[in-house]
Amino acid sequence: MIRYLKTFVTAAETASFSAAGARLGLTQSAVSAQIQRLEDDLGVQLFERTGRAVSLSDDGRRLLAQAQGVIAGYQAMRGDAGALGGQAALAPIHVGAILTAQLGLLPGAVRRWTTLGAMPHLNIVPGMSVQLLAQLDARELDLAVMIRPRIGVPADMKWLTLMHEPYVAIAPKGTRGDVAGWATTLPFVRYNRRSYGGDLVDRYLRRHRLWVREGVELDEPEVILRMVRAGLGWSIVPATLIGLAFEGKAAGASAPATGSGKSPRAGAGVQVLPLSGAPLTRELGVLVRHSALKRAAVSTLLQCLSDEAGSRG
Numbered sequence: 001m002i003r004y005l006k007t008f009v010t011a012a013e014t015a016s017f018s019a020a021g022a023r024l025g026l027t028q029s030a031v032s033a034q035i036q037r038l039e040d041d042l043g044v045q046l047f048e049r050t051g052r053a054v055s056l057s058d059d060g061r062r063l064l065a066q067a068q069g070v071i072a073g074y075q076a077m078r079g080d081a082g083a084l085g086g087q088a089a090l091a092p093i094h095v096g097a098i099l100t101a102q103l104g105l106l107p108g109a110v111r112r113w114t115t116l117g118a119m120p121h122l123n124i125v126p127g128m129s130v131q132l133l134a135q136l137d138a139r140e141l142d143l144a145v146m147i148r149p150r151i152g153v154p155a156d157m158k159w160l161t162l163m164h165e166p167y168v169a170i171a172p173k174g175t176r177g178d179v180a181g182w183a184t185t186l187p188f189v190r191y192n193r194r195s196y197g198g199d200l201v202d203r204y205l206r207r208h209r210l211w212v213r214e215g216v217e218l219d220e221p222e223v224i225l226r227m228v229r230a231g232l233g234w235s236i237v238p239a240t241l242i243g244l245a246f247e248g249k250a251a252g253a254s255a256p257a258t259g260s261g262k263s264p265r266a267g268a269g270v271q272v273l274p275l276s277g278a279p280l281t282r283e284l285g286v287l288v289r290h291s292a293l294k295r296a297a298v299s300t301l302l303q304c305l306s307d308e309a310g311s312r313g
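So the sequence shown is residues 1 to 313, counted in UniProt numbering.
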């Protein structure tokens with residue numbers, strides 16, 4: 001049946017039974033017979049046939065990615081995962097990504113990746129870092145763009161650092177004063193403490209003895225930004241979320257103190273202040289399973305992510 005699945009995928013690529021036969025070393029009638037056998041076995045029609053032309057049916061489009069995944073799994077069982085080629089190379093790549101990576105790094109990295117030629121389908125799965133780690137453990141993902149795990153990198157995975165993202169304080173547009181003043185006068189819109197990023201913020205607040213007025217607590221930084229814009233309080237978020245880069249500051253450079261009379265900056269419809277003391281940053285990178293690294297397309301995608309992060313300084 002694996003042979004029939006390969007024939008199905010090749011016919012889908014070429015949109016022609018004769019072209020598929022030429023690629024696979026089969027006659028057109030042999031391709032047609034294998035597709036018919038597969039359709040009978042699955043109980044669906046995979047192709048719409050109009051004369052000599054063929055095109056995927058709705059069921060065919062739905063089952064194509066699954067067929068590619070089965071072929072890739074079979075090749076891996078045979079020990080061929082390190083030299084994936086032909087049909088196995090077409091298996092989808094399942095990529096987890098936190099929201100700020102989806103908004104920031106991913107679009108540029110994927111654009112770099114697709115310009116290199118025909119590439120497998122990418123399935124982007126959103127989630128918090130803790131959720132993505134669990135999905136990697138369960139082998140539901142090949143890699144994830146996320147915050148570095150606090151618990152360390154699992155033995156069957158590899159970590160690639162992409163960048164260090166600074167955090168900034170934000171408040172509704174027009175808000176005056178410094179961060180300490182915001183903490184005493186405005187509710188705090190908190191990044192979920194169960195997330196890696198939210199835990200970093202919580203430890204920063206405790207380290208600097210900033211006692212906040214608790215407002216709401218949620219998972220998504222983008223929603224936090226929207227709530228601050230709506231005047232529901234202040235927050236601490238990654239600077240990349242609002243597309244802000246402080247002049248002359250590379251990631252990890254010291255930020256000016258917030259109590260020095262420095263005026264808030266406007267950005268993305270909110271007021272923005274750097275945080276005082278040691279810079280608060282999070283390490284953003286890629287956690288990838290070693291087995292996935294054997295695929296050339298995955299390695300190429302990692303390089304594109306690294307190049308995109310490097311281009312952002």
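Beta carbons are placed, not taken as given, at the ideal position from N, Cα and C, and that holds for glycine.
As the structure is a prediction and not an experimental result, all values here were calculated from the model.
- Rounded to whole angstroms, Arg190 and Gln68 show a C-alpha spacing of 42 Å.
- Under the 10 Å beta carbon count, Ser129 is surrounded by 16 or more other beta carbons and is classified as buried.
- Between Gly181 and Arg229, the C-beta spacing is not below 9 Å.
- Non-local C-beta neighbours of Cys304 in its own chain, meaning closer than 7 Å and more than five positions away in sequence, comprise Ala109, Arg112, Trp113, ordered along the chain.
- Here the C-alpha atom of Ile242 lies approximately 26 Å from the C-alpha atom of Leu122.
- According to the DSSP assignment, His290 belongs to the alpha helix (DSSP H) that extends over 290-293.
- Fully contained in the segment 27-69 are the following beta strand (DSSP E) runs of length 3 or more, in chain order: 47-50, 53-56.
- For the segment 153-241, the full-length beta strand (DSSP E) segments reaching 3 residues or more read 157-172, 187-191, 213-218, 235-238 along the chain.
- Leu26 sits close to Gln34, with the two beta carbons spaced by under 9 Å.
- Counted as a single uninterrupted DSSP element, the beta strand (DSSP E) harbouring Leu143 occupies residues 143-147.
- The residue from Asn192, Met227, Arg176, Gly152 with its alpha-carbon nearest to that of Glu283 is Gly152.
- Under a 10 Å Cβ-count criterion, Glu48 is classified as exposed, with fewer than 16 other Cβ atoms of the shown protein chains found around its own Cβ.
- When C-alpha distances from Thr240 are compared across Val44, Ser276, Ser195, Met163, the shortest belongs to Met163.
- Burial check for Asp156: the Cβ neighbour count within 10 Å stays below 16, so the residue is exposed.
- Check the Cα spacing between Ser291 and each of Arg3, Ala76, Val70, Ala30: the tightest is with Ala76.
- Residue burial is scored here from C-beta neighbours: Glu308 has at least 16 other C-beta atoms within 10 angstroms and is therefore classed as buried.
- Annotation for Pro107: the continuous alpha helix (DSSP H) segment containing it runs 105-114.
- A direct Cα-Cα distance of roughly 14 Å separates Val223 from Phe188.
- Residue range 93-97 is occupied by the beta strand (DSSP E) that includes Ile93.
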